[in-house]
Amino acid sequence: MKPFRGVPVWSLEDAGDRHLEVVHPSDLTIARARNVIERDGLLLVRGTPFNDAARTFSRLSEEYGIADSYALQMQYVAYSMKDRRAVDDVAVTVNDRGPLQIIQPHSEGDSTSQLDLFGLYCVNPAMSGGENILSLIDQRADHSNLRAKEKAILGAELSADDVAQLREDHLDARVVLAHCPSICRILKQTSAGQVVVRTVPLEKARSALTGELYATYWDNVTVHDHAFHRHQFELLRHLALLHGPAATDYRPFMHVEDDSPWGPADSDSGSLEQTSSLFRCHVLLKLQAGDLLVFHNRAWTHAVNNWPVHEQRQLLAMYA
Ligand SMILES: [Fe+2]
0 MKPFRGVPVW SLEDAGDRHL EVVHPSDLTI ARARNVIERD GLLLVRGTPF NDAARTFSRL
60 SEEYGIADSY ALQMQYVAYS MKDRRAVDDV AVTVNDRGPL QIIQPHSEGD STSQLDLFGL
120 YCVNPAMSGG ENILSLIDQR ADHSNLRAKE KAILGAELSA DDVAQLREDH LDARVVLAHC
180 PSICRILKQT SAGQVVVRTV PLEKARSALT GELYATYWDN VTVHDHAFHR HQFELLRHLA
240 LLHGPAATDY RPFMHVEDDS PWGPADSDSG SLEQTSSLFR CHVLLKLQAG DLLVFHNRAW
300 THAVNNWPVH EQRQLLAMYA
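And the structure:
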């Protein structure tokens, strides 16, 4: 498949074992799954019932010591999200989106709530469109332009009660600051202080799967950054996959959730060339019903193409 801005774009047919391993359910072992995931490959289990897919993901999360995170996300956090629904307490629906919207590359979770393992299960692919693009992050790339949006509690001489009151509904606001020069948004205000969203440089963090440090393009790094939306749009146009009227502007295709604290999209980390240089390769996949795709969330971003408005597409996500 033709490279995009110098970065290889692989498909199911030509990705090779290095990037993608397709496994029949009867040949799947946890050791084999771990081997693929830990060498930054994509594991595609083809034709597996949903219950078996969830069991596989659960066993992997136990292997990696992140079963508590899996349970917390599927059995608790999912119930608090406006755009997702829990499925049997083992998976969640993917976010609803508007007609013809595309999803920019992102790793699941954010820098204040880091996840390690990600899985997608396909219940019903759209007949046309809805392709996933998996992109391998270049760990040696220059990440200095990237910023994570994070919550913080802001106020002078806050008492423990003040902090507790501010943190209600914002448990991910872990840092308490007296001053903040990079406020993007105020989420909450009391007489004592504020919960704010601020930007911080992207920092590498350690993976529970490999023990290595990774730069990860979390949702709170890419969803507010026009560069990633532009990149996804141009990549899809390059691959002639985009649905809808012919367009040259990525902005009508952007999806930013109303309730996301990381919105609005108000940053731009650089040109198409700069964003392209952040990735080592892309893998284009059209999942089939019964497919389970699992990979190391710290190493890969996932993104989605759009589909015609009459299509129904149902994918479920699992993460820990
Ligand atoms: Fe996602």
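In numbering that gives the first Met the number 0, the protein residues as written are 0 to 319. Ideal Cβ placement from N, Cα and C applies to all residues, glycine included.
| Item | Value |
| --- | --- |
| Residues of its chain near Val86, where Cβ-Cβ distance is below 8 angstroms and the 5 sequence neighbours each way are ignored | Thr92, Leu315 |
| Glu107 Cβ short of 6 angstroms to ligand 2 heavy atom set | Only ligand 1 can be found as ligands here, which leaves ligand 2 out of the picture. |
| Beta bridge counterpart(s) of Ser110 as assigned by DSSP | Answer by DSSP bridge pairing: none, since Ser110 is not bridged. |
| Uninterrupted beta strand (DSSP E) stretches inside the region 169-239 (no shorter than 3 residues) | 174-176, 182-188, 193-200 |
| Endpoints, the alpha helix (DSSP H) within which Glu61 is located | 49-62 |
| Selected residue, minimal CA-CA separation from Ser143, among Ala90, Glu12, Gln273 | Gln273 |
| The alpha helix (DSSP H) enclosing His18, as first and last residue numbers | 15-18 |
| Ser134 (DSSP reduced to helix, strand or coil) | strand |
| Residue nearest to Gln313 in terms of C-alpha spacing, selected from Gly46, Ile29, Gly129 | Gly129 |
| Residue from His295, Pro24, Leu41 with nearest C-alpha to Leu284 | Leu41 |
| Thr274 - DSSP class collapsed to helix/strand/coil | helix |
| Classification of Leu291 by the beta-carbon crowding that lies within 10 angstroms, buried from 16 upward | buried |
| Inter-residue spacing [alpha-carbon to alpha-carbon] between Glu37 and Asp161 | 44 angstroms |
| Residue from Val196, Arg173, Arg58 with nearest C-alpha to Pro180 | Val196 |
| Own chain residues within Cβ distance below 6 angstroms of Leu176, not counting five before or after | Ala151, Leu153 |
| Backbone CA spacing between Gln193 and Ala147 [nearest angstrom] | 19 angstroms |
| Buried or exposed (CB count within 10 angstroms, at least 16 for buried), Ala47 | Residue identity check: residue 47 is Thr in the sequence provided, not Ala. Looking at its Cβ environment, which holds 16 or more other Cβ atoms inside 10 Å, Thr47 is buried. |
| For Phe117: DSSP bridge partner residues | Phe294, Tyr318 |
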